[in-house]
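Each protein sequence line maps, in turn, to chains A and B.
For the first sequence, my numbering assigns the number 2 to the initial residue and increments by one for each residue that follows.
For the second sequence, my numbering assigns the number 43 to the initial residue and increments by one for each residue that follows.
Glycine included, C-beta positions come from ideal geometry on N, C-alpha and C.
Report on the structure given below.
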Amino acid sequence: GQNIDQPTEMTATEGAIVQINCTYQTSGFNGLFWYQQHAGEAPTFLSYNVLDGLEEKGRFSSFLSRSKGYSYLLLKELQMKDSASYLCAVRDNDYKLSFGAGTTVTVRA
Amino acid sequence: TAGITQAPTSQILAAGRSMTLRCTQDMRHNAMYWYRQDLGLGLRLIHYSNTAGTTGKGEVPDGYSVSRANTDDFPLTLASAVPSQTSVYFCASSDSEDGANVLTFGAGSRLTVL
């Protein structure tokens with residue numbers, strides 16, 4: 002099975018940077034995903050890491066260390082619209098995704 | 043682009059009644075999934091289907107059944123609903139031939155069992 006941990010809540014100021022950590026213990030690993038979910042909406046794909054290192058996509062970056070079972074999502078130049086839940090998910094060798102409980106990020110003016 | 047369509051959007055159901063949540067995708071994705079999302083627990087996989095004609099059990103399959111008669115449709119049935127099945131249900135699909143196999147989610151179905 003999968004055990005995926007991430008903080009429950011984080012608060013940051015508009016224009017700042019926030020880093021959301023995710024640690025995992027899995028019976029198989031075939032990629033790590035980050036999804037964004039606004040309240041009352043469906044999750045949407047943000048990033049995917051399968052090799053160690055940093056993947057950058059505009060204001061969002063995601064990092065993976067497979068040996069440490071660790072990932073983070075970095076949100077730069079925070080905007081009010083970034084207030085949402087951020088879900089860390091690990092894919093196993095059968096291509097099934099298991100999700101963490103999510104981190105609710107609140108951006109304040 | 044429609045993507046994934048789920049119905050109903052919201053439903054209140056009496057305990058003991060049966061209910062089918064519908065899910066249709068128009069992306070010709072081979073894999074489809076049903077998740078439930080509960081506060082503090084995140085998304086949990088109920089059932090999945092890697093291709094039409096096959097299904098598999100996820101993390102929390104008890105009390106639910108699925109079928110995959112064709113590529114586009116993946117209905118989820120609750121044979122005899124119980125209050126613990128009150129949740130938001132998300133259907134998702136992916137193309138397993140795409141290396142990242144990214145999931146695309148439907149808008150969700152909110153089910154309340156009384």
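Just checking: is the beta-carbon of residue i within a distance shorter than 8 angstroms of some beta-carbon in chain B?
| i | result |
| --- | --- |
| leucine 1 (chain A) | Absent from the structure is residue 1 (chain A), since the part of chain A shown begins at 2 and ends at 110. |
| lysine 69 (chain A) | no |
| proline 161 (chain A) | Since the first residue shown for chain A is 2 and the last is 110, residue 161 (chain A) is missing from the structure and cannot be characterised. |
| leucine 119 (chain A) | One cannot answer for residue 119 (chain A) here, as it falls past the ends of chain A, which runs 2 to 110. |
| phenylalanine 64 (chain A) | no |
| leucine 88 (chain A) | yes |
| alanine 110 (chain A) | no |
| alanine 102 (chain A) | yes |
Kindly indicate which three-state DSSP category residue i falls into: helix, strand or coil?
| i | result |
| --- | --- |
| aspartate 83 (chain A) | helix |
| glutamine 127 (chain B) | helix |
| lysine 58 (chain A) | strand |
| tyrosine 96 (chain A) | coil |
Ordered along the chain, which non-local residues of its own chain (more than five positions away) have a Cβ less than 6 angstroms from that of residue i?
| i | result |
| --- | --- |
| asparagine 72 (chain B) | Thr93 and Ser138 |
| aspartate 115 (chain B) | Thr66 |
| serine 86 (chain A) | Gln38, Gly103 and Thr105 |
Taking 8 angstroms as the threshold (C-beta atoms), are residue j and residue i in contact?
| i | j | result |
| --- | --- | --- |
| serine 99 (chain A) | isoleucine 5 (chain A) | yes |
| alanine 44 (chain B) | aspartate 68 (chain B) | yes |
Are the C-beta of residue i and some C-beta of chain A separated by less than 8 angstroms?
| i | result |
| --- | --- |
| valine 108 (chain B) | no |
| alanine 142 (chain B) | yes |
| tyrosine 131 (chain B) | no |
| leucine 63 (chain B) | no |
| serine 52 (chain B) | no |
Spatial neighbours of residue i within its chain, please: CB distance less than 8 angstroms, with the 5 preceding and 5 following residues excluded, ordered by chain position.
| i | result |
| --- | --- |
| proline 117 (chain B) | Thr62, Leu63, Arg64, Cys65, Val108 and Ser109 |
| valine 102 (chain B) | Arg78, Arg86, Leu87 and Ile88 |
Would you decide whether residue i is buried or exposed? Buried here means 16 or more other CB atoms lie within 10 Å of its CB.
| i | result |
| --- | --- |
| leucine 55 (chain A) | exposed |
| methionine 74 (chain B) | buried |
| glycine 58 (chain B) | exposed |
| isoleucine 54 (chain B) | exposed |
| arginine 70 (chain B) | exposed |
Within a Cβ cutoff of 7 angstroms, which residues of the same chain sit near residue i, ignoring the five residues on either side of it in sequence?
| i | result |
| --- | --- |
| serine 72 (chain A) | Cys23, Leu33, Asn50, Ser63, Phe64, Leu65 and Cys89 |
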